[in-house]
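Chemist: Residue numbers (the numbering used here): 3 to 196. Handing you a structure now.
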């Protein structure tokens with residue numbers, strides 16, 4: 003079974019990295035995959051986060067504030083623990099015929115931190131802004147796919163990262179829901195007492 007899954011992972015990698023290769027994606031995907039390294043993208047992300055915080059009403063403020071522990075939880079669990087536990091080398095380090103469009107990087111590949119962070123953020127943002135769920139998850143999926151297309155991750159790295167990100171987001175949302183319910187109950191008791 004493991005051999006089958008590894009073979010499937012490799013086949014899907016080559017499909018995303020070689021078969022789908024085209025000039026438009028060759029131009030777009032390096033930009034998409036490295037948004038976190040582009041100063042202009044970081045400024046835009048910071049402005050959007052501040053707008054959510056300041057102009058987003060109560061829901062926007064909660065979403066903006068919960069993004070911080072959500073991404074911190076997922077990213078630290080992944081980067082500080084899981085990547086070192088699995089020590090999986092990137093395809094660009096192990097395969098001879100990767101269509102590599104960005105620097106291969108020196109870190110381990112499993113799970114993908116890009117997938118962890120983007121899917122965690124998508125879940126939290128979707129909880130508070132449901133009408134934009136499609137946009138949040140489309141963005142997360144595009145960034146995740148770009149990691150395979152540019153040659154630095156296997157599809158299983160992406161899948162594991164997406165699952166971990168969703169779990170991190172779910173943990174933070176459940177903590178928020180439980181805390182909000184506890185505070186509301188406490189407030190109700192305090193106002194009902196003579």
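Built from N, CA and C at the ideal position, the CB exists for glycine as well. All values reported here derive from a predicted model rather than from experimental measurement.
1) Locate the alpha helix (DSSP H) running through residue 167, then write down its first and last residues.
2) For residue 160, count the other beta carbons within 10 Å of its own beta carbon; 16 or more makes it buried, fewer makes it exposed. Which is it?
3) Report yes or no: do the region 123-138 and the region 51-69 share at least 3 C-beta pairs separated by less than 8 Å?
4) Contact defined as beta carbons within less than 8 Å: I believe residue 77 pairs with residue 108. What is the distance between those atoms, to the nearest angstrom?
5) May I ask which residues mark the beginning and end of the alpha helix (DSSP H) holding residue 63?
6) Please confirm if the region 142-156 is in contact with the region 93-113, defined as three or more CB-CB distances below 8 Å between the two stretches.
7) Within a Cβ cutoff of 6 Å, which residues of the same chain sit near residue 14, ignoring the five residues on either side of it in sequence?
8) What does the alpha-carbon distance come out to for the pair residue 137 and residue 194?
9) Would you decide whether residue 9 is buried or exposed? Buried here means 16 or more other CB atoms lie within 10 Å of its CB.
10) Where residue 19 and residue 80 are concerned, what is the direct C-alpha to C-alpha distance, given to the nearest angstrom?
11) When you compare the CB positions of residue 120 and residue 141, do they come within less than 8 Å of one another, or not?
Modeler: This is what the structure holds:
1) Per DSSP, residue 167 belongs to the alpha helix (DSSP H) from 157-194.
2) By the neighbour-count rule (16 or more Cβ atoms within 10 Å), residue 160 is buried.
3) Yes, they touch.
4) Actually they do not touch by this definition, with Cβ atoms about 17 Å apart.
5) First-last of the alpha helix (DSSP H) with residue 63: 59-79.
6) Contact between the region 142-156 and the region 93-113 is present: three or more C-beta pairs spanning the two stretches fall below 8 Å.
7) Residues of the same chain with a CB within less than 6 Å of the CB of residue 14, apart from the 5 flanking positions on each side, are 157 in chain order.
8) When rounded, the separation of the alpha-carbon atoms in residue 137 and residue 194 is 43 Å.
9) Counting Cβ neighbours within 10 Å, residue 9 comes out exposed, since fewer than 16 surround it.
10) Taking the straight line joining both Cα atoms gives about 24 Å.
11) Yes. Within cutoff.
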